[in-house]
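Notes for the one structure printed next.
This is the structure:
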């Protein structure tokens, strides 16, 4: 099951008109990366819960046949929480099942994680990574057998006991888990279910994600940008759409890059995009499909979605730009996040957002 019902408020304004599962990563909606991962590990049927801008997701994914899976949907008029949303479709799960968030970008070896879950005869298994931050993920402790002995969801910076591992949001469960989730109410894995599993000393384990695997929650501007930088540097096995014309410079089919343009890797130029003479792309940079960087324009450390136009002699530095934006010639923009459809024709812009 892919959890896709959240409102994506932390990615505003990028998600004013686009649900988080369709936010592009390397010019591909993040949920496509997830579905491809599931298919590559032999999953055949996928349930997705929906709420915010749900029709955009169903229209984009359809029945899942083009990904080699069968997709089912569960619309929630009122949000039921992470665990409550799964409980709502409990009849769908007859055997061991996986739950993953729609903003969890990963190439984690799900087959090895499932083997670990079964070897431990676990009721629940959570994928864990060494703790790097203490405020925006669930934290936990493991014993010598990798059993979870303590769990706290997104603790405040000032707190008592600290865990050594962070929750990735990737879980395996047995159907018996539904006995621990109340029906028809909002209920959360991290805030409610996992501490209860620890309290009852039920078989709850942590699978240590291999260092060679990539995982990142892209649910904030900073993490979304950081994911792109790490992916462009080769931190994952995710496929980049395009021909690698020079080391760490990819150009997708239909794109046009002038011989007089300057590209400093890593750079991904999307399908149908155009980079004109004298333009500069100082990586890491991602250009979306059919985006145009006009003569003399400069882009540095930025992600630009599809169908944008960056005017001649303008510049972008450390920015996130939604689809269909138009930036006036000769203007400079630093550290800004633009909603899709923005037309910026005023003075120079700089923001701490």
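Numbering (the working numbering), first residue to last: 4 to 356.
The beta-carbon is built from N, C-alpha and C at its ideal position, and this holds for glycine as well.
Computed from a predicted structure; not experimentally measured.
Given residue i as reference, the closest of the options once Cα atoms are compared
{"i": "residue 3", "options": "267, 246, 265, 280", "result": "The structure shown does not extend to residue 3, since the chain spans only 4 to 356, so no value can be given for it."}
{"i": "residue 175", "options": "229, 234, 104, 188", "result": "104"}
{"i": "residue 297", "options": "334, 271, 321", "result": "334"}
{"i": "residue 59", "options": "81, 19, 317", "result": "19"}
{"i": "residue 112", "options": "181, 173, 96", "result": "173"}
{"i": "residue 263", "options": "317, 279, 134", "result": "279"}
{"i": "residue 216", "options": "197, 222, 171", "result": "171"}
{"i": "residue 270", "options": "281, 258, 260, 253", "result": "253"}
{"i": "residue 204", "options": "118, 30, 61, 146", "result": "146"}
{"i": "residue 12", "options": "6, 46, 21", "result": "21"}
{"i": "residue 53", "options": "194, 80, 315, 148", "result": "80"}
{"i": "residue 61", "options": "5, 46, 114, 118", "result": "5"}
{"i": "residue 220", "options": "251, 132, 117", "result": "132"}
Close beta carbons around residue i, own chain, < 6 Å, minus the five adjacent residues each side
{"i": "residue 345", "result": "328"}
{"i": "residue 283", "result": "265, 301"}
{"i": "residue 237", "result": "none"}
{"i": "residue 128", "result": "120, 175, 208, 210"}
{"i": "residue 1", "result": "It is not possible to answer for residue 1, since the shown part of the chain is limited to 4 through 356."}
{"i": "residue 125", "result": "206, 208"}
{"i": "residue 184", "result": "86, 90, 190"}
{"i": "residue 303", "result": "285, 320"}
{"i": "residue 325", "result": "17, 308, 341, 342, 343"}
{"i": "residue 352", "result": "Unreliable placement is indicated for residue 352, whose pLDDT of 45 sits below 50; the coordinate value is still reported in the next sentence. Excluding positions up to five away in sequence, the list reads 336, 339."}
{"i": "residue 161", "result": "At residue 161 the pLDDT is 48, less than 50, meaning the model places this residue with poor confidence; the figure from the coordinates comes in the next sentence. Same-chain partners within the cutoff: there are none."}
{"i": "residue 197", "result": "154"}
{"i": "residue 347", "result": "330"}
{"i": "residue 195", "result": "none"}
Residues of its chain near residue i, where Cβ-Cβ distance is below 8 Å and the 5 sequence neighbours each way are ignored
{"i": "residue 214", "result": "none"}
{"i": "residue 94", "result": "none"}
Boundaries (first-last residue) of the beta strand (DSSP E) holding residue i
{"i": "residue 104", "result": "100 to 104"}
{"i": "residue 307", "result": "301 to 307"}
{"i": "residue 73", "result": "73 to 78"}
{"i": "residue 201", "result": "Here residue 201 belongs to no beta strand (DSSP E); instead the alpha helix (DSSP H) covers 197 to 202."}
{"i": "residue 51", "result": "48 to 53"}
{"i": "residue 109", "result": "107 to 109"}
{"i": "residue 7", "result": "5 to 7"}
{"i": "residue 170", "result": "168 to 176"}
{"i": "residue 191", "result": "Run containing residue 191: none; DSSP gives neither H nor E here."}
{"i": "residue 271", "result": "270 to 272"}
{"i": "residue 220", "result": "218 to 220"}
Beta-carbon gap between residue i and residue j smaller than 8 Å
{"i": "residue 108", "j": "residue 33", "result": "yes"}
{"i": "residue 84", "j": "residue 189", "result": "yes"}
{"i": "residue 41", "j": "residue 72", "result": "yes"}
{"i": "residue 313", "j": "residue 295", "result": "yes"}
{"i": "residue 287", "j": "residue 224", "result": "no"}
{"i": "residue 153", "j": "residue 92", "result": "no"}
{"i": "residue 36", "j": "residue 235", "result": "no"}
{"i": "residue 78", "j": "residue 57", "result": "yes"}
{"i": "residue 8", "j": "residue 55", "result": "yes"}
{"i": "residue 1", "j": "residue 177", "result": "Examination of residue 1 is not possible in this model, given that the chain is present from 4 through 356 alone."}
{"i": "residue 28", "j": "residue 130", "result": "no"}
{"i": "residue 140", "j": "residue 123", "result": "no"}
{"i": "residue 187", "j": "residue 106", "result": "no"}
{"i": "residue 38", "j": "residue 70", "result": "yes"}
{"i": "residue 222", "j": "residue 14", "result": "yes"}
{"i": "residue 281", "j": "residue 257", "result": "no"}
{"i": "residue 317", "j": "residue 332", "result": "yes"}
For residue i, the residue or residues it bridges with in DSSP
{"i": "residue 96", "result": "Residue 96 is not bridged to any residue."}
{"i": "residue 211", "result": "131"}
{"i": "residue 2", "result": "Outside the displayed span of the chain (4 to 356) sits residue 2, for which this structure offers no information."}
{"i": "residue 139", "result": "DSSP lists no partner for residue 139."}
{"i": "residue 144", "result": "153"}
{"i": "residue 312", "result": "295, 329"}
{"i": "residue 265", "result": "283"}
{"i": "residue 277", "result": "259, 295"}
{"i": "residue 346", "result": "329"}
{"i": "residue 1", "result": "Within the shown structure, residues of the chain are numbered from 4 to 356, placing residue 1 beyond reach of any answer."}
{"i": "residue 27", "result": "32"}
Cutoff 7 Å; reference residue i; Cβ partners in own chain excluding five residues on either side
{"i": "residue 293", "result": "275, 276, 309, 310"}
{"i": "residue 255", "result": "244, 245, 272, 273, 274"}
{"i": "residue 74", "result": "49, 51, 64, 66, 67"}
{"i": "residue 134", "result": "142, 166, 167, 168, 169"}
{"i": "residue 110", "result": "40, 216, 217, 239, 240, 241"}
{"i": "residue 228", "result": "306, 323"}
{"i": "residue 96", "result": "178"}
For residue i, the first and last residue of its enclosing alpha helix (DSSP H)
{"i": "residue 37", "result": "33 to 43"}
{"i": "residue 287", "result": "Run containing residue 287: none in the alpha helix (DSSP H); it sits in the beta strand (DSSP E), 283 to 290."}
{"i": "residue 118", "result": "113 to 122"}
{"i": "residue 85", "result": "84 to 90"}
{"i": "residue 228", "result": "224 to 235"}
{"i": "residue 60", "result": "57 to 64"}
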